[in-house]
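Numbering (the UniProt record's numbering), first residue to last: 1 to 183. A virtual CB, placed ideally from N, CA and C, is assigned to each residue, including glycine. Reading through the structure tokens given below for one structure.
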């Protein structure tokens, strides 16, 4: 098994979308209303990620005026994970790095890909000059909480209402922070 990381390209949008939809349906079952998860569509997500990657690769903002990058994890030439990261989108975290998205194909879970991908993201954030970073975890997502704890990310007590993910209920995200290793 050969695992490699590289910057995502527009050609990766379909694989990213497939992992995104599959991972959400598995990770958020019981946390997000099932009709919301059932409505996720790989073709729609592919179009969305294509636009996102086009903006990112053109140096434009991917979330408002903040530009995030995406890396993909490839195992034996197949995309098996992806992460989006960059400067903080929240004003109160100005000067911090942010891990905005982090997903491993559920078929490749628990194989070390997540740990290796996290180390790669942390190294890239540190190389970009960030000394600390944060991420958000959906309340009740115990497997993600446990994984982030294993990776050294600690809860800091901050919460954020998340009405965009599931408009049928109030969801709460919890922040986790990490002091990044020196580049």
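Simplified DSSP assignment, three categories, for residue i
| i | result |
| --- | --- |
| residue 131 | coil |
| residue 46 | helix |
| residue 159 | strand |
| residue 54 | helix |
| residue 124 | helix |
| residue 60 | coil |
| residue 182 | coil |
| residue 136 | strand |
| residue 20 | helix |
| residue 67 | coil |
Beta bridge counterpart(s) of residue i as assigned by DSSP
| i | result |
| --- | --- |
| residue 87 | 97 |
| residue 113 | In the DSSP output, where bridge partners are listed per residue, residue 113 has none listed. |
| residue 82 | 72 and 103 |
| residue 38 | Paired residue(s): none; residue 38 is not in a bridge. |
| residue 176 | 135 and 155 |
| residue 15 | Beta-bridge pairing links residue 15 to no other residue. |
Residue range of the unbroken alpha helix (DSSP H) whose run includes residue i
| i | result |
| --- | --- |
| residue 106 | First-last for residue 106: undefined, no H or E at that position. |
| residue 146 | 142-150 |
C-beta atoms of residue i and residue j nearer than 7 Å
| i | j | result |
| --- | --- | --- |
| residue 176 | residue 148 | yes |
| residue 16 | residue 96 | no |
| residue 2 | residue 76 | yes |
| residue 79 | residue 72 | yes |
| residue 93 | residue 28 | no |
| residue 184 | residue 105 | This structure does not reach residue 184, given that the chain is present from 1 up to 183, and the question cannot be answered. |
| residue 14 | residue 46 | yes |
Enclosing beta strand (DSSP E) for residue i [first to last residue]
| i | result |
| --- | --- |
| residue 4 | 3-7 |
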